[in-house]
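Here the sequence shown is numbered in my numbering, starting from 3 and rising by one per residue.
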Amino acid sequence: MRDKPRELIGDGYPHSGFEIVAWRSEAMTEATALEIWRRSPAHYAVLANEGVWASREWQALGAALSDEHAVVWFGLEPDPATE
(Lines of atoms letter the chains of each structure in order from A; the text may use other names.)
(Lines give C-alpha, C1' and ligand atoms only; values in the text may rest on other atoms or scores of the structure.)
Protein backbone atom coordinates (compact mmCIF):
# COMPACT_ATOMS: atom_id res chain seq x y z
CA MET A 3 0.00 0.00 0.00
CA ARG A 4 2.62 2.56 1.02
CA ASP A 5 4.80 1.88 -2.02
CA LYS A 6 2.07 2.47 -4.63
CA PRO A 7 3.27 5.95 -5.66
CA ARG A 8 6.70 4.56 -6.55
CA GLU A 9 5.14 1.55 -8.31
CA LEU A 10 3.05 3.84 -10.50
CA ILE A 11 5.44 6.72 -11.21
CA GLY A 12 8.88 5.62 -10.06
CA ASP A 13 10.90 8.26 -8.26
CA GLY A 14 8.49 11.04 -9.29
CA TYR A 15 6.87 10.90 -5.85
CA PRO A 16 9.49 9.61 -3.41
CA HIS A 17 7.18 9.53 -0.38
CA SER A 18 4.83 6.88 0.99
CA GLY A 19 1.21 6.82 -0.03
CA PHE A 20 -2.06 5.24 0.97
CA GLU A 21 -3.76 3.19 -1.74
CA ILE A 22 -7.30 2.10 -2.48
CA VAL A 23 -8.20 -0.25 -5.34
CA ALA A 24 -11.42 -1.16 -7.12
CA TRP A 25 -11.86 -4.26 -9.29
CA ARG A 26 -14.65 -5.67 -11.39
CA SER A 27 -14.85 -8.37 -14.05
CA GLU A 28 -16.33 -5.95 -16.60
CA ALA A 29 -14.89 -2.73 -18.00
CA MET A 30 -13.89 -0.28 -15.26
CA THR A 31 -14.75 3.40 -15.55
CA GLU A 32 -14.02 6.32 -13.27
CA ALA A 33 -17.69 6.52 -12.27
CA THR A 34 -17.84 2.81 -11.49
CA ALA A 35 -14.70 3.01 -9.35
CA LEU A 36 -16.14 5.92 -7.36
CA GLU A 37 -19.38 4.02 -6.82
CA ILE A 38 -17.49 0.93 -5.60
CA TRP A 39 -15.49 3.08 -3.15
CA ARG A 40 -18.61 4.95 -1.97
CA ARG A 41 -20.26 1.64 -1.08
CA SER A 42 -17.26 0.43 0.94
CA PRO A 43 -17.07 2.09 4.38
CA ALA A 44 -13.31 1.49 4.63
CA HIS A 45 -12.55 2.91 1.19
CA TYR A 46 -14.96 5.80 1.59
CA ALA A 47 -13.31 6.78 4.88
CA VAL A 48 -10.02 7.32 3.00
CA LEU A 49 -11.72 9.36 0.26
CA ALA A 50 -13.67 11.50 2.72
CA ASN A 51 -11.00 11.83 5.42
CA GLU A 52 -13.28 10.25 8.00
CA GLY A 53 -12.64 7.98 10.97
CA VAL A 54 -8.97 7.06 11.42
CA TRP A 55 -8.17 9.18 8.34
CA ALA A 56 -9.72 12.39 9.72
CA SER A 57 -6.40 13.74 10.96
CA ARG A 58 -4.68 13.24 7.58
CA GLU A 59 -4.34 16.08 5.13
CA TRP A 60 -3.75 14.75 1.64
CA GLN A 61 -1.14 16.79 -0.22
CA ALA A 62 -0.84 14.60 -3.32
CA LEU A 63 -2.98 12.26 -5.36
CA GLY A 64 -2.30 9.77 -8.13
CA ALA A 65 -4.61 7.50 -10.08
CA ALA A 66 -4.51 4.75 -12.66
CA LEU A 67 -7.29 3.03 -14.57
CA SER A 68 -7.07 -0.22 -16.53
CA ASP A 69 -9.63 -2.54 -18.09
CA GLU A 70 -10.76 -4.06 -14.78
CA HIS A 71 -8.96 -2.05 -12.06
CA ALA A 72 -8.85 1.45 -10.67
CA VAL A 73 -6.18 2.56 -8.23
CA VAL A 74 -5.91 5.81 -6.28
CA TRP A 75 -3.15 6.73 -3.87
CA PHE A 76 -3.02 9.66 -1.48
CA GLY A 77 0.15 11.22 -0.11
CA LEU A 78 0.85 13.32 2.96
CA GLU A 79 3.76 15.13 1.32
CA PRO A 80 3.34 17.57 -1.59
CA ASP A 81 4.12 16.22 -5.04
CA PRO A 82 7.57 17.56 -6.05
CA ALA A 83 6.36 17.84 -9.66
CA THR A 84 3.81 20.48 -8.69
CA GLU A 85 5.94 22.59 -6.40
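Every residue, glycine too, gets a C-beta built ideally from N, C-alpha and C.
- Query: By how many angstroms is the C-alpha of glutamate 79 removed from the C-alpha of isoleucine 38?
  - Reply: 26 Å
- Item | Spatial distance of glycine 14 from methionine 30 (CA atoms) | Whole-angstrom Cα-Cα distance: 26 Å.
- Message: How far does the beta strand (DSSP E) with isoleucine 25 in it extend, from its first residue to its last?
- Response: Strictly speaking, residue 25 in this sequence is tryptophan, with isoleucine absent from that position. That run of the beta strand (DSSP E) goes 19-25.
- Query: According to DSSP, which residues form a beta bridge with alanine 65?
  - Reply: Val74
- Item | Inter-residue Cα distance where the pair is arginine 26 and alanine 83 | Using only the alpha carbons, I get a separation of about 32 Å.
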